[in-house]
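Q: The structure that follows is given in the form of structure tokens.
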Amino acid sequence: MKMSGSAPDARPSAKLDRAVIFLGPPGAGKGTQAQDLARRYGVPHLSTGDMLRENIAKGTPLGAKAKPLMERGELVPDSLVLKMVAARIERPDCSHGFVFDGFPRTVAQAQYLGELLKQHGFRQPVVIHFAIDPALLMRRITGRRMCKVGGEIYNVFERPPKLQGKCDYDGGELEQRPDDREEVVAPRLQAYQKQTAPLVAYYRRLGRLREVDAAKSVDEVARRVLEVVDGTR
Ligand code: AP5
């Protein structure tokens, strides 16, 4: 996947050899940054949201279970998500690390991931918390449009495509995610506060948490993310 907008100075990808976890509320910019970071290091960008949407698009049994929950802004049960993630990181492209975006999202998922990483011989993950004033999120979420072909992320207010409704990279049609409608945003934010925000304290206690100011521009956030990841390699 490519990222819209300019990226900070391109560098040859170095080895990552660990998991990087992006933690933060809906619309904080995790996907935008994960696409870029994963490309830089030549490792997969593992978005559990994208994986679930793919299952929905393909009409799989997992997709059928996930669809109504996602449309209401609720989390998909741990048991389903964990099975999906465990199968994904078995694949050979994950052997040098990966960037998680939207996973883990509950303490049970984080505990399971810790075990999984140990089993696969990975070092402790770097967890980057996207800290942001919730007041900024509604505009980012309702303005988001995604390319149907490559998943490129745009924003009609902040990062519009050159041609309205078309992806800059592949000309694909841009669409709004069903859960980006204004009425679904509040339950998503509530689910985050209740089930996912406790992971900030969880990873802080483990000494794994790093913060970025996600209110800054895409390029500034990208620079800070790189600083953090490079500084912990
Ligand atoms: P998921 O797809 O993971 O969505 P999310 O976590 O709610 O996060 P978003 O994709 O909304 O936001 P983002 O932080 O990636 O922001 P983005 O970079 O796109 O999950 C969807 C659903 O799937 C969940 O509700 C749940 O039902 C289910 N699910 C997924 N994982 C699960 C799990 N582990 N367990 C259980 N259920 C799970 O940016 C947003 C917008 O802002 C874009 O338009 C972008 O262009 C713009 N933007 C980005 N950065 C900036 C910036 N710095 N300045 C200005 N604009 C910016």
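The sequence shown begins at 0 in numbering that gives the first Met the number 0 and counts up one residue at a time.
Glycine residues also receive a C-beta, built at the ideal position from the N, C-alpha and C atoms.
Straight-line CA distance for F102 to Q163?
A: In a straight line, the C-alpha of F102 is about 32 Å away from that of Q163.
Q: What I want to know is whether the C-beta of K82 ends up closer than 7 Å to one or more non-hydrogen atoms of the ligand AP5.
A: Flag unset: Cβ of K82 not near the ligand AP5.
Q: Please indicate yes or no: does the CB of E182 lie closer than 7 Å to some heavy atom of the ligand AP5?
A: No, the ligand AP5 has no heavy atom inside 7 Å of this Cβ.
Q: Inspect the beta-carbon positions of R144 and E174 and report whether they are closer than 8 Å.
A: Result yes, Cβ atoms of R144 and E174 sit closer than 8 Å.
Q: Would you report the Cα separation of V199 and H128, rounded to the nearest angstrom?
A: Approximately 7 Å between the Cα atoms of the pair.
Q: Flag N154 as yes when its Cβ comes closer than 7 Å to any non-hydrogen atom of the ligand AP5, and as no otherwise.
A: Yes; taking the cut-off as 7 Å, the Cβ of N154 has a heavy atom of the ligand AP5 nearer than that.
Q: Specify the secondary structure class of V42 as computed by DSSP and reduced to three states.
A: Reduced to three states, the DSSP call for V42 is coil.
Q: Closer than 8 Å is the cut-off here; do at least three beta carbon pairs connect the stretch 28 to 40 with the stretch 92 to 110?
A: Segments in contact, yes.
Q: Indicate, with yes or no, if the ligand AP5 has a heavy atom lying under 7 Å from the CB of S78.
A: Not under cutoff, so the answer is no.
Q: Look up C146 in the DSSP assignment and say whether it is helix, strand or coil.
A: Residue state, collapsed to three classes: strand.
Q: Do you know how far the Cα of A185 is from the Cα of G54?
A: Checking the sequence, you will find Asn at residue 54 rather than Gly. In a straight line, the C-alpha of N54 is about 24 Å away from that of A185.
Q: Considering just the uninterrupted stretch of the beta strand (DSSP E) at R187, what are its terminal residues?
A: Looking at the DSSP string, R187 is not in any beta strand (DSSP E); the run it does join, the alpha helix (DSSP H), is 181 to 190.
Q: Helix, strand or coil for L173? Go by DSSP, reduced to three states.
A: Strand at L173.
Q: Does F156 pass the burial test, meaning 16 or more other C-beta atoms within 10 Å, or should it be called exposed?
A: F156 is exposed by the Cβ-count criterion.
Q: For E73, which residues in the same chain have their Cβ closer than 7 Å to its Cβ, ignoring the five residues on either side in sequence?
A: These residues qualify, in order along the chain: P186, A190.
Q: Report yes or no: do the stretch 14 to 28 and the stretch 119 to 133 share at least 3 C-beta pairs separated by less than 8 Å?
A: Yes: the two stretches touch, three or more of their Cβ pairs being nearer than 8 Å.
Q: Kindly identify the DSSP beta-bridge partner or partners of D77.
A: BP columns for D77 are empty, so no partner.
Q: Determine whether the beta carbon atoms of Q194 and R104 lie at a separation below 8 Å.
A: Contact: yes.
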